Structure formats: C-alpha cells, structure tokens
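Visitor:
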Amino acid sequence: MPAPLLSLTGAHKHFRGVPALRGASLEVLAGEVHGLIGQNGAGKSTIIKTVTGVYRFDERDDRGELRFAGLPVRFTGPGEARQAGISTIYQEVNLVPQRSVAENIFLGREPRRFGLIDWRRIEREAAAVLAGFGFDIDVRRVAGTLSTAEQQLVAIARAVSVDARLVIMDESTSSLDEHEAEVLFSIVRQLKAAGRSVLFVSHRLDELFAVCDRVTVMRDGQTVAVSAMKDVGRLELVTAMLGRELSAVHRERRAHTATGVAGPPLLTVTDVRSPPRLRHASLVLQPGQTLGLAGLLGAGRTELMRAIFGADPVRSGAMTFQGERVSLASPADAIARGICYLSEDRKSEGIFADLSVRENITIALLPTLARAGVVDRGRQQDIVERFVAQLGIRTAHLDQPVRELSGGNQQKVLLARWLAMRPRVLMLDEPTRGVDVGAKADIARLIGELADGGMGLLLTTSELEELVALSDAAVVVREGRTVAHVDGDALDERTLMAAMAEGEASAAHTVETR
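Residue numbers for the sequence shown follow numbering that gives the first Met the number 0, so the first one is 0 and each next one is one higher.
In structure tokens form, the structure reads like this:
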C-alpha cells in the first residue's frame with residue numbers, strides 16, 4: 000500500500016461546547032481517490048477545514064496530529080495549506096462575482112510582466128485551462144453572470160490548475176448536470192493518473208463507486224468506517240452513515256391524489272415569457288399538490304420559479320393566484336400574497352451567514368413581530384423553538400451563527416423561515432442539494448405533510464428519482480418552454496427523460512409543444 004500523503008488522527012473540535020469532531024481520523028494515500036461521506040452534521044466540512052487551516056484543533060487537546068507528505072503540520076490558514084500543495088473546492092462556490100472568469104482562475108497568483116499584471120497572458124492561460132478540461136466558458140465574462148453550474152466549473156478549474164498534490168472536492172457535482180459531472184470524473188481520473196490524490200466528498204453513492212478507491216464514513220463527529228470501495232456495498236455505507244438499517248430511510252411515493260385537493264387551481268401560469276431563457280411556460284398548481292418541474296440544466300426551471308416569485312421581470316403571459324389575475328413586480332409582492340421561494344443558492348440568496356439561527360428564521364416575519372419598532376421576543380422565541388423542533392434543526396442554541404451549521408441544517412433554517420410566513424404556495428429549487436440521506440428523508444416527509452395540509456408546492460430537483468418520488472404530477476420544461484404535463488401512472492423517470500430530450504410524453508399527458 001502506498002504511503003499516506005495526508006494523515007489526520009485524534010482530531011477534536013468543539014463549537015461553544017458542542018463537539019463537531021470527536022477523535023476523528025482521515026488518511027489519504029498518495030495517488031488515490033478517497034471518498035468521504037456522512038450525514039450533514041457528521042463532521043465532514045469540519046474535518047476538511049481543520050486539514051486546510053480554517054479551523055485549529057481544540058487548544059486544550061494535544062491528541063490530534065496532522066501529517067502531510069510525511070511531516071507534521073498545522074496550517075494557519077487555507078493560503079498556507081495551498082502553498083504546501085493542498086487545493087480545495089468548497090461546496091458553496093466562492094468566486095469573486097465582480098471579477099472575470101480569467102481573474103478568478105488566477106486570483107492571488109497573477110502572472111506579471113515588467114512588474115505589471117499581464118492581462119493578455121491571464122486570459123490566454125485561463126482559456127487554455129478551461130479548454131483542457133472541456134469547459135466552454137468565455138474567460139472575459141464576469142463571474143457573477145454565470146449560472147451556478149458554470150461558476151462551479153470555474154472553481155474546479157481554478158483549484159485543479161494549481162500544481163497541488165492533494166485536491167479536495169467538497170460536493171463539487173452538486174450543481175452539475177450528468178454531462179458536466181462526467182467531465183469532472185474525467186478530471187479526477189487525470190489527476191490520479193498524474194500521481195495526485197483527491198479527497199472526494201459526495202452524498203451520491205454512485206459517484207463514489209465511479210471514481211473512488213477507498214472511502215471513509217463519518218457519523219456524529221467520529222470516523223466510523225474505512226473501506227476499499229470494492230469491498231463495501233451501498234447498504235453497508237448507508238447503514239454506517241445513519242447508524243440504522245436502510246429500510247428506515249426508504250422513501251415511498253406519497254399516497255396522494257394526482258390532482259391534490261378538489262376545487263379551483265391555486266396558481267395558474269399561462270405562456271409566461273421572461274427573457275433571455277424563459278419562453279412560453281405554463282403550469283397549473285392545485286391546492287394540496289406537489290408539482291414537479293423537470294428539465295435539463297438551463298431548460299428554464301429556476302427562471303420559471305423566479306418569474307412567478309417576481310424576482311425576474313415577466314414580459315408577457317398571465318398568472319392567476321387563487322382565481323385572481325396577478326402581476327407580481329417584486330418578491331415582496333409575492334410574499335405578501337403567500338407565495339414563497341427557496342432558492343437553489345442558499346449561500347448568496349438565502350442565509351444571512353453572520354446572523355443567528357433565531358434571526359434567520361424570523362427575518363421575513365419581523366414586521367409582524369414588532370410594535371413601535373420593538374420585537375416581541377416572547378413570540379419570536381415561541382416561533383423559533385416550534386420550527387427548530389418540527390424540522391429537527393441541529394443547533395447548539397438559537398443564537399448560534401447560522402454559518403456554523405451544516406449545509407443540511409442551514410437548508411432547514413431557510414425552510415423554517417418561509418414556513419413561518421404560512422405560505423399558500425411554496426416553491427423549492429433543489430431543496431436537497433448537498434443534503435445527506437437522513438436530511439433528505441426529513442425534507443421529503445415535510446413536503447408530504449405540507450401538501451396534506453393544503454399547501455401547493457412547486458418542486459424542482461436534478462435527481463429525477465427524487466422528483467418522481469415526491470411529486471403528484473410533473474411539468475417538463477425544455478429550452479424555456481413547457482413541453483409536457485405528466486401525472487398518474489405515467490409519472491416515471493423514463494417518461495420524464497423522453498419529454499426532456501424530445502418534448503414528448505405519453506399521448507394522454509402531453510402538453511402541446513410550441
């Protein structure tokens with residue numbers, strides 16, 4: 000067996016008395032692709048940040064040891080780790096949105112000529128890096144104008160272009176479609192062939208079996224299993240992650256009628272157009288119905304939700320809400336009517352990282368909690384405690400900064416924020432992205448309960464299996480147009496894939512292709 004490139008043993012880390020790591024260990028061999036899995040809150044992100052110097056071991060604890068390339072190290076920050084040969088791609092994209100793609104790729108290591116930054120060389124070499132990875136992105140574009148998936152690809156290119164001995168990929172495929180994920184897997188294999196190591200963090204078991212040599216499983220801040228991928232099965236991995244049998248988390252399709260509650264539609268969208276991507280999109284959402292929104296990356300799923308929410312301008316078409324024709328000029332208009340939207344990008348469009356769990360949950364509700372500018376702390380406390388308990392949010396205390404929570408718990412905080420508003424329509428854009436198996440089951444249960452209570456839910460996810468499992472019916476969007484409506488027994492992955500590719504579903508459930 001090759002010598003370990005990275006070895007972490009006996010790591011302990013507490014946040015305000017709450018253990019995040021409890022004697023955790025991690026070993027990555029030279030030239031291997033090593034998987035790291037566990038539920039949200041298991042300690043994966045903490046162990047990565049400990050390795051890269053974002054966090055330090057507990058000061059009072061001298062049992063932890065970190066060794067890299069055979070030498071004991073304790074990095075004081077990510078920059079020092081990067082100089083030593085560790086490059087990290089975090090789950091939440093961290094590009095500078097105001098800078099170009101080329102500038103982001105070479106940020107902090109800009110080539111110079113005669114003491115000045117050589118901009119032509121930066122653009123030329125950035126284009127070469129992207130082309131080498133098969134990414135077709137204009138290097139002069141401002142990073143903030145890219146889609147989430149495109150930003151992730153740029154972040155990958157930036158990290159891999161550095162001559163790193165170890166590349167850490169934290170949920171790097173979470174915003175990629177199938178083709179883009181395959182490109183990433185090809186890059187991982189190239190790195191391995193070149194003798195570099197990869198620490199690959201993912202919730203998708205198929206990805207681990209596709210690219211990893213070994214896997215480490217974490218649970219509750221501890222390392223609970225290490226195994227070669229060829230010697231372990233999916234059932235064993237899920238059981239190790241959850242500490243209980245797989246049957247306990249199997250999802251069954253909700254025993255719910257395909258049309259929700261009988262009566263007039265809750266929301267009707269007809270031929271809505273919102274350039275540049277959304278063209279002639281339509282849907283009908285019933286009370287008590289979960290309506291899936293299927294489509295390939297860039298098909299217009301997110302754009303349709305943003306148009307309904309008033310976040311993007313609607314150029315033509317019509318919307319009715321509870322039987323009344325509406326024109327929503329802003330998200331505030333939508334929220335006032337009872338239409339809420341959980342964005343796919345929780346970092347930049349969701350959480351307020353420096354605010355507490357309490358503040359994040361009630362920030363949209365503050366106008367109703369205040370009198371003469373003073374917040375009723377008692378009512379606020381009751382609301383926050385209720386939703387923390389209902390959604391199973393794991394937090395040390397209600398005033399803990401939300402940035403310290405795991406990704407899954409941050410997502411639950413955002414769900415709690417909107418549920419506190421008592422919406423009639425809740426739109427969920429990739430609600431389980433970067434969320435572990437257990438948290439997915441919690442969110443699936445909650446979606447069912449909300450629909451059973453009469454709420455209308457519009458749901459989109461890149462995982463077709465999940466969309467089919469959670470939805471009563473589905474609308475397919477292709478190239479900004481609604482091309483099919485599928486429900487009943489026809490609602491399956493094969494039918495949706497056919498409609499996404501060709502704009503056709505079964506004859507009984509096809510919406511006219513425009």
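Glycine included, C-beta positions come from ideal geometry on N, C-alpha and C. Being a predicted model, the structure only gives us computed values, none of them experimental.
#1: Expressed to the nearest angstrom, what Euclidean distance is found between the alpha-carbon atoms of Arg480 and Gln38?
#2: According to DSSP, is Leu272 part of a helix, a strand, or is it coil?
#3: Using the C-alpha atoms, what's the distance from Gly16 back to Arg203?
#4: Would you give the residue range spanned by the beta strand (DSSP E) that Ala126 belongs to?
#5: Between which two residues does the alpha helix (DSSP H) holding Pro286 run?
#6: At 3 residues or longer, what runs of the beta strand (DSSP E) sit wholly inside the region 137–162?
#7: What does DSSP give as the partner residues of Glu26 in its beta bridges?
#8: Out of Ala130, Leu413, Leu292, Asp162, point me to the one whose CA is closest to Val153's CA.
#9: By the 10 Å Cβ neighbour count, where 16 or more other Cβ atoms means buried, how is Pro264 classified, buried or exposed?
#10: Under the DSSP definition of a beta bridge, which residues are partnered with Pro312?
#11: Could you tell me the alpha carbon to alpha carbon distance between Ala254 and Ala489, rounded to whole angstroms?
#12: What's the C-alpha gap between Arg120 and Pro110?
#13: State the Cα-Cα distance for the pair Asp491 and Phe308, rounded to the nearest angstrom.
#14: Are Leu65 and Gly42 touching if we call contact CB-CB under 9 Å?
#15: Output the residue ranges of the alpha helix (DSSP H) runs that lie fully inside the region 192–234 and measure 4 residues or longer, sorted by chain position.
#16: Of the residues Gln379, Gly437, Val436, Glu403, which one's Cα is nearest the Cα of Ala415?
#17: Does the count of Cβ pairs from the region 410–425 and the region 354–362 closer than 8 Å reach three?
#18: Could you say which of Val159, Leu469, Leu207 lies nearest to Leu445 if we only look at CA atoms?
#19: Looking at Gln379 and the ligand HEM, is the gap between the Cβ and the nearest heavy atom below 8 Å?
#20: Which residues in the same chain as Ala80 place their Cβ atom closer than 8 Å to its Cβ, once the five residues preceding and following it in sequence are excluded?
#21: Quick check: Val476 and Gly294, are their CB atoms within less than 9 Å of each other?
#22: Could you tell me the alpha carbon to alpha carbon distance between Arg305 and Leu364, rounded to whole angstroms?
#23: Quick check on His396: does DSSP put it in helix, strand or coil?
#24: Going by DSSP in three states, Gly407 sits in which element: helix, strand or coil?
#25: Buried or exposed, going by whether 16 or more other CB atoms sit within 10 Å of the CB of Ser201?
#26: Cutting at 6 Å between CB atoms, please list the residues of its own chain near Ala335, excluding the five before and the five after it.
#27: Give me, in chain order, the residues of the same chain whose beta-carbon lies closer than 7 Å to that of Ala180; leave out the 5 immediate sequence neighbours on both sides.
#28: Do Gly291 and Val467 count as a contact pair if the criterion is CB distance below 9 Å?
#29: Relative to the C-alpha of Gly407, which residue among Lys346, His178, Val223, Gly287 is closest?
#30: Taking all protein chains shown into account, do 16 or more other C-beta atoms lie within 10 angstroms of the C-beta of Thr367, making it buried, or fewer, making it exposed?
#31: Quick check: Asp471 and Ala450, are their CB atoms within less than 9 Å of each other?
#32: Is Ile362 helix, strand or coil by DSSP?
#33: Quick test of your reading: Ser99 and Val138, contact by CB under 8 Å. State the CB separation rounded to the nearest angstrom.
#34: Quick check: the Cα distance between Gly9 and Gly76, rounded to an integer number of angstroms?
Guide: With the structure as the only source:
#1: Arg480 and Gln38: Cα-Cα distance of roughly 37 Å.
#2: Position check: residue 272 holds Arg in this sequence, whereas Leu was assumed. In the three-state scheme derived from DSSP, where H, G and I count as helix and E and B as strand, Arg272 is classed as strand.
#3: So the alpha carbons of these two residues sit roughly 31 Å apart.
#4: Secondary structure note for Ala126: it is in no beta strand (DSSP E), and the uninterrupted alpha helix (DSSP H) holding it is 118–131.
#5: Element bounds for Pro286: n/a, residue is neither H nor E.
#6: Runs found: none.
#7: DSSP lists Ser6 as partners of Glu26.
#8: Ranking Ala130, Leu413, Leu292, Asp162 by Cα distance to Val153 puts Ala130 first.
#9: By the 10 Å Cβ count, Pro264 comes out buried.
#10: Paired residues: none, contrary to the question.
#11: Because the pLDDT of Ala254 is 44, which lies under 50, any placement of that residue in the model is unreliable, and the number read from its coordinates should be weighed accordingly. It is roughly 16 Å from the alpha-carbon of Ala254 to the alpha-carbon of Ala489.
#12: Cα to Cα, the separation comes out at about 7 Å.
#13: Spanning the two alpha carbons is a distance of roughly 28 Å.
#14: Going by C-beta atoms, Leu65 is not nearer than 9 Å to Gly42.
#15: Listed in chain order, the complete alpha helix (DSSP H) runs (minimum 4 residues) inside the region 192–234 are 204–210.
#16: The candidate whose alpha carbon is nearest that of Ala415 is Gln379.
#17: Contact between the region 410–425 and the region 354–362 is present: three or more C-beta pairs spanning the two stretches fall below 8 Å.
#18: Per the Cα distances, Leu469.
#19: The ligand HEM is not part of the structure shown, which contains no ligands of any sort.
#20: Cβ neighbours of Ala80 beyond the five flanking positions: Val50, Thr51, Gly52, Phe74, Thr87.
#21: Less than 9 Å separates the beta-carbon of Val476 from that of Gly294.
#22: Arg305 and Leu364 have their C-alpha atoms spaced approximately 21 Å apart.
#23: His396 carries a coil assignment under DSSP once its states are collapsed to helix, strand and coil.
#24: DSSP places Gly407 in helix when its eight states are reduced to three.
#25: A residue is called buried when at least 16 other Cβ atoms come within 10 angstroms of its Cβ; Ser201 meets this threshold and is buried.
#26: Once the five neighbours on either side are set aside, Ala335 has no close Cβ partner at all.
#27: Within the same chain, Thr172 come within 7 Å of Ala180 by CB-CB distance, once the 5 residues on both sides are set aside.
#28: In this structure, Val467 sits near Gly291, with a CB-CB distance shorter than 9 Å.
#29: Gly407 has its Cα closest to that of Lys346, out of Lys346, His178, Val223, Gly287.
#30: For Thr367, the number of other beta carbons within 10 angstroms of its own is below 16, and it is reported as exposed.
#31: A distance below 9 Å separates the beta carbons of Asp471 and Ala450.
#32: Helix at Ile362.
#33: Between Val138 and Ser99 the Cβ distance is about 7 Å, and since that is below 8 Å, they are a contact.
#34: If you take the alpha carbons of Gly9 and Gly76, they lie about 20 Å apart.
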